[in-house]
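Trainee:
Protein chains: 2
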Amino acid sequence: MAVTRRSYSRATETERREDLIAATLDCIAEAGIQGATVRQIAARAGVTGGLIRHYFATKDQMLQAAYRQLMDGITEITKAAAEGADTKTRLRRFIVANVTPPVTDSRTLSLWAAFISHIPLDPAFAAIHRESYLSFLAELETLLVAFFAERGRVASEQECRAYAIAVNGLIDGLWLEGTLAPDLFKNEELSETAIASVEAMLRLPPGELS
Amino acid sequence: MAVTRRSYSRATETERREDLIAATLDCIAEAGIQGATVRQIAARAGVTGGLIRHYFATKDQMLQAAYRQLMDGITEITKAAAEGADTKTRLRRFIVANVTPPVTDSRTLSLWAAFISHIPLDPAFAAIHRESYLSFLAELETLLVAFFAERGRVASEQECRAYAIAVNGLIDGLWLEGTLAPDLFKNEELSETAIASVEAMLRLPPGELS
DNA sequence: CATCCTATTATTCAAGCGTATAACAAGCTC
DNA sequence: GAGCTTGTTATACGCTTGAATAATAGGATG
């Protein structure tokens, strides 16, 4: 007897890859890295398990692609927030964007942490981290340099780098705090703390960034 | 024929639990949460798989116990670093301890991140996080209050809390940066950045904490 | 030294894992 | 509209997983 098969429609390579990556992120966010099995991911993407190997040589490669896309998305959001306007506003918006939804989001955190925990175990993940970290740091440093320049404040390259590292640390740390325990912070508390702290770190007079 | 069994020696409940928890942490650190299987953990602890269920009702409960122990260990190290001495020294040592080995350690990071990624998925992990976070924050706030008091500087409770949150964020963020990419930072760079940043955040004159 | 309790081993179970491969059908090409 | 390419389904394989259960032996108790 003729076996009936599921009907399906073909997709372009890019579409399918994006669907699979999105499904991967969904699965990790909902059930952790353990719950992100080939079968679950395929089901979520509306395809059968075998298809995954047609697009990714191995499951690990798909995870890496998902990690890359996650970080690219975050970078894009925060970069977009800092566009246009004067340097002061751009710097402020960049900082605020990093401690405000959708960046402070338990889904994002869960994904981020799942990937971070693989960094010490797998050089491929370490490379992705490094790239996105350096890109983030460079963006921040550019903002700081422009800000100082506009004010006519002299700051050596080392100073700017040190500031960027410190401010980046603060942003990451507050992002963590706010995302892990959102109920502990009032509405604007995290943003205000972030702005006030950066003002102080840069030795600016209070209120200079608002 | 008589089946020969492996010889073994009984251990006290506390010993065995500690061994199992230590083995759990080892496995997670070396192979990720995915590699921390009941069998691997048992092998690492030198027992057979079945024994785990004698001490922990479920694998998840063992993971939670391991998470608790990890955080307790970190808290203990940083608290110990801040003992004795005057308030300024204690504050400085506390900060430095958090961005210096053994706290900045890829093993610790891998473990921490693996557990963090479970927080949004499992309330039990969220509770453990909350407890250790609040304990850390309280310790830091105590140090700050004592420091301000000694200087005769007035600071409201809200101010102190805000400072503690910000400084905690900075510490966590720098810890992350330094641990994820240790090769990017010179020997004392992270400690110095941390101290200088906290000085600035608290609006102290440069060098006040060194 | 016999007894008893229980920590520990050994074995089994059903389920799920990542991967490999063969059969099928969608939809472009000519 | 016939033919061909290949994206997709379907199925199978060997292995591992967390958990449950039964059998054994360590070692304290009397």
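Chains A and B, in that order, give the protein sequences. Under the numbering used here, the residue at position 169 of the first sequence is numbered 153, and the numbers go up by one with no gaps. Under the numbering used here, the residue at position 176 of the second sequence is numbered 160, and the numbers go up by one with no gaps. Even for Gly, the Cβ is constructed at its ideal location relative to N, Cα and C.
1. Please report the residue range of the alpha helix (DSSP H) in which B:H38 lies.
2. Does the region 113 to 129 of chain B come within contact of the region 147 to 159 of chain B, defined as at least 3 CB pairs closer than 8 Å?
3. Quick one: what's got a C-beta closer than 6 Å to A:S94's C-beta in the same chain, skipping five residues either side?
4. Could you give the distance in angstroms between the alpha-carbon of A:R23 and the alpha-carbon of A:Q45?
5. Against chain B, which members of the region -5 to 22 of chain A pass a CB distance test of less than 9 Å?
6. Kindly indicate which residue of B:E115, B:L105, B:T84, B:E143 has the alpha-carbon position closest to the one of B:A178.
7. Just to confirm, is the Cβ distance from A:L9 to A:L75 under 8 Å?
8. Compute the beta-carbon to beta-carbon distance between A:Y51 and B:A165, rounded to the nearest angstrom, for a pair I have assumed lies under 8 Å.
9. Have a look at B:T(-2) and A:F120 and give me their C-alpha separation to the nearest angstrom.
10. B:T177 versus chain A: which residues are under 7 Å apart at the beta carbon?
11. For B:Q142, which of A:F169, A:L4, A:K43, A:E60 has the nearest alpha-carbon?
12. Give the single residue among A:A7, A:G16, A:L188 whose Cα lies nearest to the Cα of A:R137.
13. Just checking: is the beta-carbon of B:H38 within a distance shorter than 8 Å of some beta-carbon in chain A?
14. Anyone know if the C-beta pair for B:I17 and B:A26 falls short of 8 Å?
15. Taking just the CA atoms, how far does B:S140 sit from B:M185?
16. So which residues of chain B does A:Y117 contact, with C-beta pairs closer than 8 Å?
17. According to the neighbour-count rule (16 or more other Cβ atoms, all chains shown, within 10 Å of its Cβ), is B:R77 buried or exposed?
18. Check this for me: beta carbons of A:T88 and A:G30, under 8 Å apart or not?
19. Answer with buried or exposed for A:Y147, where buried requires no fewer than 16 other C-beta atoms within 10 angstroms of its C-beta.
20. Please return the same chain residues whose Cβ sits closer than 6 Å to the Cβ of B:L193, not counting the five positions on each side in sequence.
21. Suppose only complete runs of 4+ residues qualify. What are the alpha helix (DSSP H) ranges in the region -7 to 61 of chain A, listed by chain order?
22. Under DSSP, the alpha helix (DSSP H) around B:S90 begins and ends at which residues?
23. List the residues of chain A whose Cβ lies closer than 8 Å to the Cβ of B:R187, in chain order.
24. Determine the DSSP secondary structure at B:K170, reduced to helix, strand or coil.
25. Under 8 Å Cβ to Cβ from A:C144, same chain only, skipping five residues before and after it: list those, please.
Mentor: Straight from the coordinates:
1. Working through the second sequence from its first residue, we reach residue 38 of chain B at position 54. The continuous alpha helix (DSSP H) containing B:H38 extends over residues 36 to 39.
2. Taking 8 Å as the limit for Cβ pairs, the verdict is that the region 147 to 159 of chain B does touch the region 113 to 129 of chain B.
3. Reading the first sequence from its first residue, position 110 is the one you call residue 94 of chain A. Closer than 6 Å at Cβ, skipping near neighbours: A13.
4. As a first step, residue 23 of chain A is located in the first sequence; it is residue number 39 there, counting from the start. As a first step, residue 45 of chain A is located in the first sequence; it is residue number 61 there, counting from the start. Rounded to whole angstroms, A:R23 to A:Q45 spans 16 Å at the Cα level.
5. Of all residues in the region -5 to 22 of chain A, only I12, A13, E14, A15, G16, I17, Q18, G19 place a beta-carbon less than 9 Å from a beta-carbon of chain B.
6. To locate residue 178 of chain B, count along the second sequence from 1; it is residue 194. It is B:T84 whose Cα lies nearest to the Cα of B:A178.
7. Your numbering for residue 9 of chain A matches position 25 in the first sequence. Your numbering for residue 75 of chain A matches position 91 in the first sequence. Contact: no.
8. Locating residue 51 of chain A in the first sequence gives position 67, where the first residue counts as 1. Locating residue 165 of chain B in the second sequence gives position 181, where the first residue counts as 1. Distance from A:Y51 to B:A165 at the Cβ level is roughly 16 Å; contact not present, criterion being Cβ atoms closer than 8 Å.
9. Counted from its first residue, the second sequence places residue -2 of chain B at position 14. Counted from its first residue, the first sequence places residue 120 of chain A at position 136. So the alpha carbons of these two residues sit roughly 46 Å apart.
10. If you number the second sequence from 1, residue 177 of chain B lands on position 193. Within 7 Å Cβ-Cβ: A146, I149, A150.
11. Numbered from 1 along the second sequence, position 158 holds the residue referred to as residue 142 of chain B. Selection A:F169, A:L4, A:K43, A:E60 evaluated against B:Q142 yields A:F169 as nearest (Cα-Cα).
12. In the first sequence, the residue the question calls residue 137 of chain A occupies position 153. Taking only the C-alpha atoms, the option nearest A:R137 is A:L188.
13. Here residue 38 of chain B corresponds to residue number 54 of the second sequence, with the count starting at 1. Contact with chain A is absent for B:H38, since none of that chain's Cβ atoms lies less than 8 Å from the residue's Cβ.
14. Along the second sequence, one-based indexing puts residue 17 of chain B at 33. Along the second sequence, one-based indexing puts residue 26 of chain B at 42. Going by C-beta atoms, B:I17 is not nearer than 8 Å to B:A26.
15. For the purposes of this step, residue 185 of chain B is taken as residue 201 along the second sequence, with counting starting at 1. For the purposes of this step, residue 140 of chain B is taken as residue 156 along the second sequence, with counting starting at 1. The alpha-carbon atoms of B:M185 and B:S140 are separated by roughly 16 Å.
16. On the first sequence, position 133 is the one that residue 117 of chain A refers to. Result: E161, L164, A165.
17. Translated into positions along the second sequence, residue 77 of chain B becomes position 93. Label assigned to B:R77: buried.
18. Residue 88 of chain A sits at position 104 when you count from the first residue of the first sequence. Residue 30 of chain A sits at position 46 when you count from the first residue of the first sequence. Not closer than 8 Å, so no.
19. Counted from its first residue, the first sequence places residue 147 of chain A at position 163. Around the beta carbon of A:Y147, 16 or more other beta carbons sit within 10 angstroms, so the residue counts as buried.
20. If you number the second sequence from 1, residue 193 of chain B lands on position 209. Once the five neighbours on either side are set aside, the close Cβ partners of B:L193 are R76, I179, E183.
21. Whole alpha helix (DSSP H) segments, 4+ residues: -3 to 19, 22 to 29, 36 to 39.
22. Along the second sequence, read from residue 1 onward, the residue named residue 90 of chain B stands at position 106. In the DSSP assignment, B:S90 falls within the alpha helix (DSSP H) that extends over 90 to 100.
23. For this step, residue 187 of chain B is matched to residue 203 along the second sequence. Correct list: A184.
24. Taking the first residue of the second sequence as position 1, residue 170 of chain B is located at position 186. In the structure shown, B:K170 sits in coil (DSSP, three-state: anything other than H, G, I, E or B).
25. Mapped onto the first sequence, residue 144 of chain A falls at position 160. The residues are E125, L128, V129, F132.
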